[in-house]
Every structure is written in structure tokens, then in C-alpha cells.
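Trainee: Protein chains in written order, with the working numbering: chain P, 14 to 328; chain D, 119 to 613.
Note that CB positions come from ideal geometry on N, CA and C, so glycine has one too.
Given the structure is predicted, the values throughout are model-derived calculations rather than measurements.
1. Start and end of the beta strand (DSSP E) containing residue 597/D?
2. So with Cβ pairs under 9 Å, would you call residue 57/P a contact of chain D?
3. Should residue 90/P go down as buried or exposed, given a rule of 16 or more other Cβ atoms within 10 Å for buried?
4. Can you tell me whether DSSP reads residue 498/D as helix, strand or coil?
5. Once the 5 residues before and after residue 272/D are set aside, which same chain residues still bring their CB inside 6 Å of it?
6. Quick check: is the beta carbon of residue 188/P nearer than 9 Å to any beta carbon in chain D?
7. Within a Cβ cutoff of 6 Å, which residues of the same chain sit near residue 295/P, ignoring the five residues on either side of it in sequence?
8. With C-beta atoms as the reference, is residue 274/D less than 9 Å away from residue 310/D?
9. Closer than 9 Å, CB to CB, is residue 468/D near chain P or not?
10. What whole-angstrom Cβ distance do residue 290/P and residue 182/P have, given they're in contact under 8 Å?
11. Please name the residue, chosen from 339/D, 365/D, 541/D, 344/D, that lies closest to residue 353/D on a Cα-to-Cα basis.
12. Nearest-angstrom Cα distance between residue 170/D and residue 478/D?
13. Compare the C-alpha of residue 282/P against each of 56/P, 51/P, 70/P, 48/P and name the closest.
14. Which residues, in order along the stretch 209-230 of chain P, keep a beta-carbon less than 7 Å from a beta-carbon of chain D?
15. Using alpha carbons as the reference points, say which of 319/D, 221/D, 329/D lies closest to residue 575/D.
16. Should residue 504/D and residue 466/D be called a contact, given that it needs their Cβ atoms to be closer than 9 Å?
17. Can you tell me whether residue 600/D is buried or exposed? The criterion is at least 16 other CB atoms within 10 Å of its CB, across all chains shown.
18. With three or more beta-carbon pairs closer than 8 Å as the criterion, would you say the stretch 410-420 of chain D touches the stretch 443-462 of chain D?
19. Under a Cβ-count criterion, where at least 16 other Cβ atoms within 10 Å of its own Cβ denotes burial, should residue 215/D be classed as buried or exposed?
20. Helix, strand or coil: how does DSSP classify residue 127/P here?
21. So, do the stretch 331-346 of chain D and the stretch 174-189 of chain D have three or more beta carbon pairs nearer to each other than 8 Å?
22. When Cβ atoms are compared, which residues of the stretch 62-96 of chain P fall closer than 8 Å to chain D?
23. Considering only the alpha carbon of each residue, which of 332/D, 435/D, 224/D lies closest to residue 238/D?
24. What are the residues that DSSP puts in a beta bridge with residue 332/D?
25. Relative to the alpha-carbon of residue 496/D, which residue among 369/D, 469/D, 603/D, 512/D has its alpha-carbon at the smallest distance?
26. Let me check one thing: in DSSP terms, what residues is residue 86/D bridge-paired to?
27. From the beta carbon of residue 160/P, is the nearest beta carbon of chain D less than 9 Å away?
28. Report buried or exposed for residue 264/D, applying the criterion of at least 16 other Cβ atoms within 10 angstroms of its Cβ.
29. Out of 317/P, 240/P, 235/P, 243/P, state which residue places its alpha-carbon closest to the alpha-carbon of residue 81/P.
30. Quick one: which chain P residues come within Cβ less than 8 Å of residue 420/D?
31. By the 9 Å beta-carbon criterion, what residues does the stretch 416-442 of chain D contribute toward chain P?
32. State yes or no: is the C-beta of residue 474/D within less than 9 Å of the C-beta of residue 526/D?
33. Given this structure, state the Cα-to-Cα distance separating residue 297/P from residue 185/P, to the nearest angstrom.
34. Apply the 10 Å Cβ neighbour rule to residue 134/P and answer buried if 16 or more other Cβ atoms are within range, or exposed otherwise.
35. Looking only at C-alpha atoms, which of 29/P, 110/P, 216/P, 130/P sits nearest to residue 442/D?
36. Could you name the residues of the stretch 447-458 of chain D whose beta carbon sits closer than 8 Å to any beta carbon of chain P, in the order they occur along the chain?
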């Protein structure tokens with residue numbers, strides 16, 4: 014009966030339902046949850062992690078994975094802080110850091126598509142290397158951008174019309190990503206490559222280029238997220254961003270992106286980011302220790318995949 | 119004598135399809151029974167019920183006089199049933215011994231007793247009269263040898279009933295002869311009963327004592343093979359006169375569309391050359407491993423070519439990539455529809471549009487409105503049976519999946535169609551629809567079609583000319599209307 018019930022659900026209905034249940038439960042667990050200030054807080058979390066989730070969605074759609082996001086966040090943070098410290102204007106520093114992210118992503122993409130290294134291994138390698146570069150640049154410590162940090166604080170910590178800036182950034186990222194995936198030949202090619210590489214090739218799709226592209230996009234979004242973290246923390250920390258790639262994978266998977274490629278949407282990823290942020294928020298409000306929170310998060314990943322495989326096998 | 123196997127009044131339905139209706143099938147010890155029928159007639163379903171992979175909705179299974187209540191694959195193997203599938207389920211990295219004795223390697227003191235394992239395997243292999251090193255990796259063996267290894271595995275498990283699902287599809291004549299020798303020996307000396315599934319009717323007469331013919335899930339004939347003729351067999355299988363299987367042709371042949379000369383690849387093709395004219399359907403025949411697929415892929419640009427020249431509509435061109443091939447007006451219907459042809463998890467519309475997105479591009483973005491119109495038009499024109507354009511391709515029948523692949527090529531403006539086994543795994547009715555479609559594309563739209571097939575009747579029934587390949591070389595170019603199966607086979611198999 015459960016099987017028949019699940020089979021008749023449209024895609025994404027499970028996620029929407031889970032969100033509603035979560036919000037209702039959260040408002041019962043803590044009276045502070047529905048407080049506007051708290052809601053903006055949650056949305057800021059959604060934005061911070063959601064950007065990475067969107068990047069990961071691109072990569073996973075091609076049946077890939079990128080483990081270097083967290084390290085890229087750290088390296089762009091350190092590099093950005095160093096540039097600010099040197100007095101480089103923000104208008105130059107930001108594109109430079111984004112270019113750095115694209116370069117890391119491009120390296121991943123090159124290894125995966127042209128050298129045919131399994132994505133897991135290629136990005137595991139860059140994850141370690143990039144973290145090493147961040148530590149080298151920061152000389153083991155942290156980098157304080159000094160007085161220039163104040164103006165840059167706006168990107169991650171500021172408000173525009175009473176709404177935290179990262180939410181605007183996230184909204185733009187999502188809109189562009191949704192258009193690219195849904196309404197461009199490149200987006201179609203991403204789904205095609207993820208569904209069947211050989212069929213994509215025989216359909217005239219440049220598979221290596223598409224693969225290369227999604228990793229570059231992933232690197233770009235990781236760098237963007239690194240800049241926002243730098244702005245919020247006001248310090249470049251080579252040890253920051255640990256495990257963020259796992260967070261991003263969780264968000265994408267909860268959002269219905271299939272690890273087997275070819276299936277997933279930006280809207281789902283937004284939902285995934287919301288689920289994760291609300292759970293973290295409620296656990297915080299309820300005073301659950303960060304250690305137990307990790308256990309809960311892990312359990313959620315397994316549950317999300319379980320529900321996903323259930324939906325598939327019921328087809 | 120008790121029957122080795124009795125399947126009685128078996129029925130089995132799948133959502134929307136009655137695969138088997140009141141089917142009875144029996145085997146005596148030592149009997150070799152052919153099971154024939156068109157694709158979709160229910161042969162595979164029946165054999166999966168025998169293997170325990172499917173459970174029947176109705177009916178009774180009896181093995182050696184014993185009623186089997188709740189068959190599972192493991193219990194059926196335990197009772198002596200071995201099914202050897204066309205696509206061999208072997209582990210390529212394991213050795214012959216590991217495959218033959220899989221799950222039952224001899225142990226000594228908690229460890230595998232390898233010397234004994236290899237000895238046992240060698241004994242079985244010798245008994246079957248073929249030669250292979252028990253220590254060889256399966257992946258390094260020829261398909262024929264792998265087939266023998268599967269039979270050895272069945273014998274090592276003391277199988278009393280062996281089902282062979284199209285064993286000869288991938289074998290050369292000499293290998294088939296050896297296989298038949300082994301089958302006859304096992305049947306006569308050890309009383310092993312065989313169910314032999316094949317499309318090759320000549321083999322059916324050569325090997326089998328009795329024949330069961332399935333059509334649309336029902337038994338339409340059951341009797342001694344000697345009392346049957348080829349024509350009678352085909353009539354029973356197809357349920358209509360042979361002439362009706364193929365559409366009538368009214369070819370309108372135009373100028374040269376494609377000419378390939380001296381195509382040579384590193385592994386297969388040797389100096390192969392063909393020409394194709396507009397409006398023409400040309401067959402490409404060869405035994406397995408003759409290079410049919412390789413030739414189509416080389417022309418299309420899917421595989422690298424060492425040397426050779428390609429002329430498209432009179433202009434010398436280089437292909438080199440599918441992308442380039444498509445731009446030149448070439449289109450490939452790949453051999454393996456499920457992995458190379460389709461994006462199974464994506465929608466019918468996605469699949470149809472995937473090679474011609476440029477048609478729906480407006481100001482840099484894809485227009486869903488235009489896409490819907492084009493897709494709906496093609497679904498109607500090609501009679502693709504699908505609930506709607508958003509249905510995932512994997513939920514369509516084989517024939518309709520193939521039509522999606524063809525629709526994609528039509529949408530991409532393909533002028534030269536390279537079709538690799540376009541009707542493989544497609545049921546009878548849909549086969550005819552695909553033939554009709556190919557004929558329409560050639561005769562009303564002037565497409566040049568090169569169709570590789572392993573089914574000779576299909577080539578002779580549909581094509582204008584036929585090229586015969588052997589070991590990567592073109593050995594003959596024949597008029598498909600005047601030649602005979604024997605003549606084509608002569609050029610495909612000689613030497």
C-alpha cells in the first residue's frame with residue numbers, strides 16, 4: 014500500500030511535504046522559530062549552503078562528484094583576505110577570487126573529462142592539494158584583511174531592505190542556474206551526459222566539454238561561497254569550510270538529485286537546503302549539542318537516499 | 119518414463135500485457151526441444167518461469183514427477199535446471215574455474231583447494247570435448263568458449279535440464295557445429311534434456327527432436343521437428359503469410375548520397391567500401407564479428423578510422439566525430455538502443471529533441487512551446503505509442519523506443535540513415551511499423567538508408583541491394599531481390 018501511495022506521488026511532493034511537516038514541527042518545538050529575525054537567519058543559512066548545493070547539483074547531474082568545494086572555500090577566503098590586506102580594491106579582488114575558483118574547477122574538470130580520472134579520486138586529490146595551498150598562503154595561521162574588511166562585510170553580513178545580502182546572491186544564482194539547466198542546450202547536454210554518456214556522444218554532444226563545464230561552474234560557485242564566508246567571518250582561515258562538500262552533497266541529494274546522474278532540479282536543491290537549514294536551526298533552538306547534530310545530519314542523508322531509492326524501485 | 123519437466127497451463131501477465139496464456143511445455147530426459155517464436159511471443163517469459171526468476175500467475179511446474187511449489191532461482195538450480203542466457207552472466211575478471219565452480223569451490227581447512235578446483239574443472243571441460251585453460255580469465259576467451267564454459271558450469275552442477283537461449287547468435291558455423299556435438303552427446307549419453315531457443319530456423323531442424331512454437335503468449339504448435347517445414351514454421355510463428363511481413367517497395371532511387379572507399383580501422387575493417395544512393399535501402403549483412411557495427415560507426419564518425427575516403431553528396435569529407443557526422447546529414451541508429459540510443463530516464467520529448475536543439479532555440483533560450491509542437495508532430499507521424507511527451511523513454515516498449523531514436527534523427531534533418539539492427543528486441547507488429555517507417559523515409563523523403571542486420575529474411579525482404587561483410591572486408595554486393603539466402607551466406611561464411 015505504501016508502495017502504491019509513493020508511486021502516485023509526483024516528483025518533489027515528498028520534499029514539499031517534508032518541508033511543511035518540518036516547519037509545523039519546528040514551530041511547536043520552539044516558539045522562537047517563526048520569529049521574523051529567526052526566519053531571516055534560517056534563510057541566510059539556506060543561501061550560504063544553498064549556493065554550494067546548486068554547484069554540486071550541476072556536477073552530480075553528470076554523474077560526477079566534487080569533493081574539493083570545502084577546500085576551495087578556504088583557499089578563496091585566504092586569497093581574498095590577502096588581497097584585501099595588500100590594499101587591492103574589492104572590484105578587483107572579487108573577480109580574481111572567482112577566477113581562482115573557476116581554475117580549480119577547471120583542473121577538476123580537465124582531470125575527469127580528458128584524463129578520465131574517476132571524479133571521486135580527481136576531486137579528492139584537489140581537495141587535499143587546495144587545502145595545502147590555503148595553508149601555505151596563510152602560513153598556517155589566519156589572514157586578517159584589516160580595515161578593508163569593513164566595506165567587504167556587506168556581501169556576507171550586510172542587509173539590503175532588511176534582508177541579508179547572501180539571500181539576494183543565492184536568488185540570482187538559483188535563477189541563472191534554473192535557466193541554464195532548463196532552457197539552454199548546455200543544460201540539456203548536462204542531463205544527457207548524466208543519463209548516458211555514450212548516447213550523448215552519439216547524439217553529437219561534446220561530452221568532455223560539458224563535463225569540464227560543470228566542474229568549472231562548481232568551482233565558481235564554491236569560490237563565490239568562499240567570498241561570502243570571508244565577508245561574514247572577516248578573516249581568511251585556511252581551516253574553514255571543512256566538510257562543506259558533504260553538506261552540499263546532502264543538500265543536492267535531499268533535493269532529489271540522483272547520484273546516478275541525469276535527475277535533479279534547482280528547485281529541489283533549494284528545498285534540500287531549506288530542510289537542512291531548518292533542522293540545524295531547530296536543533297540549535299532546542300539546545301541540542303553540535304555533536305549530536307552531526308549524528309542527526311548523517312541520519313538525514315541516509316533517510317533521504319532511502320526515500321529516493323524507494324521512489325525509484327516503485328516506478 | 120517420467121518427464122524431466124512439465125510446465126502445465128502456465129499463465130503470466132504484466133501490467134498491460136498477457137505474456138503467457140495457458141502454455142504447456144514438457145521435456146523428456148534426453149530430449150532436445152526447440153522453442154521458437156517471434157520476439158515478444160513469450161519465450162523469455164516462459165524460460166524465466168522455468169528458471170524461477172518469475173513466478174507464474176497460474177499453472178503448475180513439475181520436475182521429474184515432483185510438483186514444485188514455490189520456485190526460486192536457487193531452488194531451481196538445486197533441482198537441476200540451468201538456463202544459459204544469450205547475454206552471458208559471467209564475471210569477466212574471474213577464471214574459468216571460478217566461473218564453473220562458482221559458489222561451490224572445493225575447500226580444504228577453510229581455504230579454497232585450488233589444485234582440486236582446477237582438476238575438477240579440467241575434467242568437466244575434457245568431458246565436453248573442448249579445450250580451454252581452467253586458469254584463463256573469462257574476459258580473455260572468445261564468445262564461443264565462454265558459451266562452453268557456461269555449459270561446463272551447468273554440467274558441474276549436475277544440471278538435468280539445460281535451457282539455451284539463442285546460443286548460436288554469436289557463434290560462427292564451426293563453433294555451432296561443436297556446440298551441437300556437445301548437446302547431442304549430453305542428451306544421448308547422459309539423458310540431459312535441452313530446451314533450445316533460436317531464431318535460426320535451419321538450426322532448429324538440425325538439432326531438435328521436437329519443436330514448440332509460441333505466438334502472442336500461446337502455444338500454436340507442438341510436435342516432432344521432422345514433420346515440420348520451414349514455411350510451415352514461419353507461418354505458425356508469424357501467424358500470416360511470409361509475404362506480409364515486409365512492406366511492398368516502390369523504390370525511387372536518385373543520386374549518390376554516400377560513398378565510402380578503403381575504410382580501414384585498427385581492429386576490424388579492411389579496405390571496406392560501399393555506396394548509397396538517395397531513396398535506396400541497402401542491407402549490410404555479415405556473421406557476428408564481421409564488422410557490420412564497426413563499418414556503420416566508422417562512417418558516422420563514432421570510431422576512429424585509420425585510412426579511407428568518404429564522400430557525402432559528391433563532396434569528399436572527413437567525419438571523425440558524431441557531431442561532424444550529424445552536421446553532414448548522417449544519422450546513426452545504434453546497435454544497443456538502451457545504452458547508446460536513448461536517455462532512458464529522460465522524457466520522450468527530451469530524447470526526440472536531443473540532436474536538434476537548434477531548431478527550438480529562440481534568442482539563446484529553448485522554447486518549450488516550439489518543442490511541444492515539434493515533438494507532438496513527430497509522435498503522431500511516427501505513431502509512437504506513449505501516454506504523453508513527458509513519459510520517460512524507459513516506460514515505452516522496444517518498438518516505440520526505437521521510433522523515438524528514429525524521430526530524433528528525422529528531427530535532426532538526417533539524410534543518410536545508418537541503422538544498426540533497427541528491429542532487434544522489437545515485437546512482430548512493431549517490426550512491421552519500423553519497416554514501414556524506413557520505407558517511407560526512403561521512398562517519400564529520399565533518405566539513403568544503410569541497414570545492418572543479422573536477420574537475412576529482413577534484409578532480403580526490405581532492401582534494394584545488400585553488401586556482405588566477412589572479417590572486416592566487403593565480400594559481395596548483391597541485388598537483394600535476385601539473390602538467395604544461400605548465396606548471401608556463401609559470401610558471409612566462405613573460407
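Mentor: Taking the coordinates as given:
1. DSSP places residue 597/D inside the beta strand (DSSP E), whose first and last residues are 591-597.
2. For residue 57/P, the nearest beta carbon of chain D is not closer than 9 Å to its own beta carbon.
3. Within a 10 Å sphere around the beta-carbon of residue 90/P sit 16 or more other beta-carbons, which makes this residue buried.
4. If DSSP states are grouped into helix, strand and coil, residue 498/D belongs with the helices.
5. Excluding residues within five positions, the ones whose Cβ falls inside 6 Å are 200, 280.
6. With respect to chain D, the C-beta atom of residue 188/P has no partner C-beta closer than 9 Å.
7. Once the five neighbours on either side are set aside, the close Cβ partners of residue 295/P are 39, 42.
8. Contact flag unset, no.
9. Yes, its Cβ sits closer than 9 Å to a Cβ of chain P.
10. In this structure residue 290/P does not touch residue 182/P by the C-beta definition: roughly 16 Å separates them, more than the 8 Å allowed.
11. Of 339/D, 365/D, 541/D, 344/D, the residue nearest in Cα terms is 339/D.
12. Cα-Cα distance, rounded: 49 Å.
13. Closest option to residue 282/P, Cα to Cα, is 70/P.
14. Those would be 209, 211, 212, 214, 215, 216, 217, 219, in chain order.
15. Measuring from the Cα of residue 575/D, the nearest candidate turns out to be 319/D.
16. Taking 9 Å as the Cβ cut-off, residue 504/D and residue 466/D qualify as a contacting pair.
17. By the neighbour-count rule (16 or more Cβ atoms within 10 Å), residue 600/D is not buried but exposed.
18. Because the criterion of three Cβ pairs below 8 Å is met, the stretch 410-420 of chain D and the stretch 443-462 of chain D touch.
19. With 16 or more other Cβ atoms within 10 Å, it is buried.
20. If DSSP states are grouped into helix, strand and coil, residue 127/P belongs with coil.
21. The stretch 331-346 of chain D is not in contact with the stretch 174-189 of chain D.
22. Here the close residues number zero.
23. Among 332/D, 435/D, 224/D, the Cα nearest to that of residue 238/D is on 224/D.
24. Paired residue(s): 337/D.
25. That would be 469/D, whose Cα lies nearest to the Cα of residue 496/D.
26. Nothing can be reported for residue 86/D: it is not among the residues displayed for chain D, which extend from 119 to 613.
27. Not an interface residue.
28. Classification of residue 264/D: buried, given that the 10 Å Cβ count is 16 or more.
29. When only C-alpha atoms are compared, the closest one is 235/P.
30. Within chain P, the residues placing a beta-carbon under 8 Å from that of residue 420/D are 214, 215, ordered along the chain.
31. Those residues of the stretch 416-442 of chain D that come within reach of chain P (Cβ to Cβ, closer than 9 Å) are 418, 420, 439, 440, 441, 442.
32. Inclusion of residue 474/D and residue 526/D in the CB contact set at 9 Å is warranted, their separation being smaller than that value.
33. Just so you know, the alpha carbons of residue 297/P and residue 185/P end up roughly 28 Å apart.
34. Classification of residue 134/P: exposed, given that the 10 Å Cβ count is below 16.
35. Considering only alpha carbons, the answer is 216/P.
36. Of all residues in the stretch 447-458 of chain D, 450, 452, 457, 458 have a Cβ within less than 8 Å of some Cβ in chain P.
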